[in-house]
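Notes follow the structure.
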Amino acid sequence: MALVRNNQFLNLKLSLPKVSTTSVPCCFPIAAASTTVTSCTSNTVSVSELERINVLGSGNGGAVYKVSHKTTSEMYALKKVKGDMDSASRNQLLREIQILRLVDSPYVVKCHDIFEKPSGEVSILMEYMDLGTLESLRGNAVTEDQLASIARQVLKGLSYLHGLKIVHRDIKPANLLRNSKGEVKIADFGVSKIMVKSLDKCNSFTGTCAYMSPERFDSEAADAEEDKSNVYAGDVWSFGLTMLEILVGYFPLLPQGHKPDWGTLMCAVCNGEPPKAPHGCSGELKSFIDCCLRKKPSERWTASRLLAHPFLLRQD
1181 MALVRNNQFL NLKLSLPKVS TTSVPCCFPI AAASTTVTSC TSNTVSVSEL ERINVLGSGN
1241 GGAVYKVSHK TTSEMYALKK VKGDMDSASR NQLLREIQIL RLVDSPYVVK CHDIFEKPSG
1301 EVSILMEYMD LGTLESLRGN AVTEDQLASI ARQVLKGLSY LHGLKIVHRD IKPANLLRNS
1361 KGEVKIADFG VSKIMVKSLD KCNSFTGTCA YMSPERFDSE AADAEEDKSN VYAGDVWSFG
1421 LTMLEILVGY FPLLPQGHKP DWGTLMCAVC NGEPPKAPHG CSGELKSFID CCLRKKPSER
1481 WTASRLLAHP FLLRQD
């Protein structure tokens, strides 16, 4: 599971504008460190029964470890977040916890439980995905059939989240995990948002800007043209870019090997033409990518509609 790294681009290492520090209430209490949980093998698990194996990822706010249950040998991912975080980071963590408590889907990485020490350090016990993130596929030859399988699973996860009025806001290869069973699941809800009202807006500069949709880059122009209730379309744009990146092996909005900066990205997203699938791809795949990467959010297909696209149906 990718760590939340406040005010930092995870892939392109660009500086983001500061995230709002508005408090986000958490509807669910954080469990005490001694709390036990039920694992997928029906054994009770506590933090003291977990043995750390190695680091899966790290950042300024903490680290994610691969851990094993000392008795059952069941594998988990344990995300540990430092207790001395600032108020903005704390609110971000509470928002992530709130969403982890709500979701239950085979297409979303499972959270087993959350523990807090008196020092304020928080540990999140997660499902372990043994093949890591989709970033590992970059540069490998991915067939259309393989891409369709990945896309179908991610879209089922997005459709589920959107049905709960949850906008992820940071879909990218680093936040999509896979395992040796062929499963692909959505992770990292640190910048996600629950849409309390149907007309809530979701155009703040949170998440990774490389995968940000045109309406989130240029919210004023979007306000003038678009239906403000179409808040989920940004996830579909990010998904489309991610699928295209996996296919071609590099970030598709810029020429291969090009070092991006904020201005270049904004021009590419807001003023340039959306990227297309390569010429050698099938017409179905070209159409699928086009349906994801339409600049106007009102013209972009929803996650549930994309699940019925011929590119995915032909694989069933």
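The sequence shown begins at 1181 in my numbering and counts up by one.
All C-beta atoms in this analysis are idealised placements derived from N, C-alpha and C, irrespective of residue type, glycine included.
| task | Take residue 1333 and list the residues in its own chain whose beta-carbon comes closer than 8 Å to its own, dropping the five residues that flank it on each side. | result | Counted from its first residue, the sequence shown places residue 1333 at position 153. In chain order, 1287, 1363, 1364 and 1365 place their CB closer than 8 Å to the CB of residue 1333, counting only its own chain and leaving out the 5 sequence neighbours on each side.
Taking DSSP as the reference, what is the three-state secondary structure of residue 1205?
Translated into positions along the sequence shown, residue 1205 becomes position 25. With a pLDDT of only 35 at residue 1205, under 50, the local geometry of the prediction cannot be trusted, and no value is derived from it.
If we call anything under 9 Å between Cβ atoms a contact, is residue 1428 one with residue 1392? Looking up residue 1428 in the sequence shown gives position 248. Looking up residue 1392 in the sequence shown gives position 212. Not closer than 9 Å, so no.
### Task
Identify whether residue 1488 lies in helix, strand or coil by the three-state DSSP scheme.
In the sequence shown, the residue the question calls residue 1488 occupies position 308. Coil.
Using the three-state DSSP reduction, which class does residue 1310 fall into: helix, strand or coil? Your numbering for residue 1310 matches position 130 in the sequence shown. Coil at residue 1310, not helix or strand.
Using a 10 Å radius around the Cβ and a threshold of 16 neighbouring Cβ atoms, would you call residue 1313 buried or exposed? Residue numbering aside, residue 1313 sits at position 133 when the sequence shown is read from its first letter. With 16 or more other Cβ atoms within 10 Å, it is buried.
Report task. Inspect the beta-carbon positions of residue 1236 and residue 1246 and report whether they are closer than 9 Å. Result -> Residue mapping note: residue 1236 aligns to position 56 of the sequence shown, counting from 1. Residue mapping note: residue 1246 aligns to position 66 of the sequence shown, counting from 1. Yes, they are a contact pair.
Next on the checklist: Quick check: the Cα distance between residue 1321 and residue 1268, rounded to an integer number of angstroms?
Outcome noted: As a first step, residue 1321 must be located in the sequence shown, where it is residue number 141. As a first step, residue 1268 must be located in the sequence shown, where it is residue number 88. In this structure, the straight-line span from the alpha carbon of residue 1321 to that of residue 1268 is close to 40 Å.
| query | Considering only C-alpha positions, which residue in the set 1415, 1467 and 1297 is nearest to residue 1328? | reply | Sequence index remark: in the sequence shown, residue 1328 carries index 148 (1-based). Checking every option, the nearest Cα to that of residue 1328 belongs to 1467.
Self-check item: Proximity of residue 1304 and residue 1277 at Cβ, strictly below 9 Å
Solution: Taking the first residue of the sequence shown as position 1, residue 1304 is located at position 124. Taking the first residue of the sequence shown as position 1, residue 1277 is located at position 97. Yes, these two residues count as a Cβ contact at 9 Å.
Alpha-carbon to alpha-carbon, residue 1354 and residue 1285:
Numbered from its first residue, the sequence shown carries residue 1285 at position 105. Numbered from its first residue, the sequence shown carries residue 1354 at position 174. One C-alpha to the other measures close to 19 Å.
Excluding the 5 residues preceding and the 5 following residue 1492 in the sequence, name in chain order all residues of the same chain whose CB lies nearer than 8 Å to its CB. For the purposes of this step, residue 1492 is taken as the residue at position 312 of the sequence shown. Excluding positions up to five away in sequence, the list reads 1328, 1331, 1332, 1335, 1468 and 1486.
ask   = Which word fits residue 1456, buried or exposed, when buried means at least 16 other C-beta atoms lie within 10 angstroms of its C-beta?
value = Your numbering for residue 1456 matches position 276 in the sequence shown. Counting Cβ neighbours within 10 Å, residue 1456 comes out exposed, since fewer than 16 surround it.
Helix, strand or coil for residue 1292, going by three-state DSSP, please let me know.
Mapped onto the sequence shown, residue 1292 falls at position 112. The DSSP-derived three-state label of residue 1292 is strand.
Checklist entry - Just how far apart, CA to CA, sit residue 1372 and residue 1228? => result If you number the sequence shown from 1, residue 1372 lands on position 192. If you number the sequence shown from 1, residue 1228 lands on position 48. Near 30 Å, if we compare the C-alpha coordinates of residue 1228 and residue 1372.
Item to complete: Please name the residue in 1475, 1438, 1369 and 1417 whose C-alpha comes closest to that of residue 1291.
Response: As a first step, residue 1291 must be located in the sequence shown, where it is residue number 111. The residue with the shortest Cα to Cα distance from residue 1291 is 1369.
**Beta carbon of residue 1459 nearer than 9 Å to that of residue 1471** = Here residue 1459 refers to the residue found at position 279 of the sequence shown. Here residue 1471 refers to the residue found at position 291 of the sequence shown. In this structure, residue 1459 sits away from residue 1471, with a CB-CB distance that is not shorter than 9 Å.
**OP:** Sort out for me which residues DSSP pairs residue 1332 with in a bridge.
**Re:** Walking along the sequence shown from the start, residue 1332 turns up at place 152. Paired residues: none, contrary to the question.
- Query: For residue 1238, which three-state DSSP category applies?
  - Reply: Against the sequence shown, residue 1238 aligns to sequence position 58. Strand.
- Near residue 1360, which residues of its chain fall below 7 Å by C-beta distance, leaving aside the five closest residues on each side in sequence? Your numbering for residue 1360 matches position 180 in the sequence shown. 1310 and 1311.
Leaving out five residues on either side along the sequence, give the residues of the same chain with a beta carbon under 6 Å from the beta carbon of residue 1220.
-> Along the sequence shown, one-based indexing puts residue 1220 at 40. In this prediction, residue 1220 has a pLDDT of 35, which is less than 50 and means its spatial position is unreliable; what the coordinates show is noted afterwards. Same-chain partners within the cutoff: there are none.
Exercise. Among 1434, 1325, 1256 and 1413, which has the Cα closest to the Cα of residue 1293?
Worked result: As a first step, residue 1293 is located in the sequence shown; it is residue number 113 there, counting from the start. If we check each option's Cα against that of residue 1293, 1256 comes out closest.
Local conformation of residue 1466 per DSSP, three classes
Numbered from its first residue, the sequence shown carries residue 1466 at position 286. Residue 1466 falls in the helix class under three-state DSSP.
Is residue 1457 helix, strand or coil by DSSP?
-> Residue 1457 sits at position 277 when you count from the first residue of the sequence shown. It is coil, neither helix nor strand.
task: Would you mind giving the Cβ-Cβ distance between residue 1481 and residue 1416, rounded to the nearest angstrom? I have them listed as a contact below 8 Å.
output: Residue 1481 sits at position 301 when you count from the first residue of the sequence shown. Residue 1416 sits at position 236 when you count from the first residue of the sequence shown. Going by Cβ atoms, the distance from residue 1481 to residue 1416 rounds to 7 Å, so yes, they are a contact pair.
Any idea if residue 1436 is buried or exposed, counting beta-carbon neighbours within 10 angstroms, 16 or more meaning buried? Taking the first residue of the sequence shown as 1, we reach residue 1436 at position 256. Burial call: exposed.
Practice problem: Work out the CA separation of residue 1425 and residue 1433 for me, nearest whole Å. | Solution: Looking up residue 1433 in the sequence shown gives position 253. Looking up residue 1425 in the sequence shown gives position 245. Going by the C-alpha atoms only, they are around 9 Å apart.
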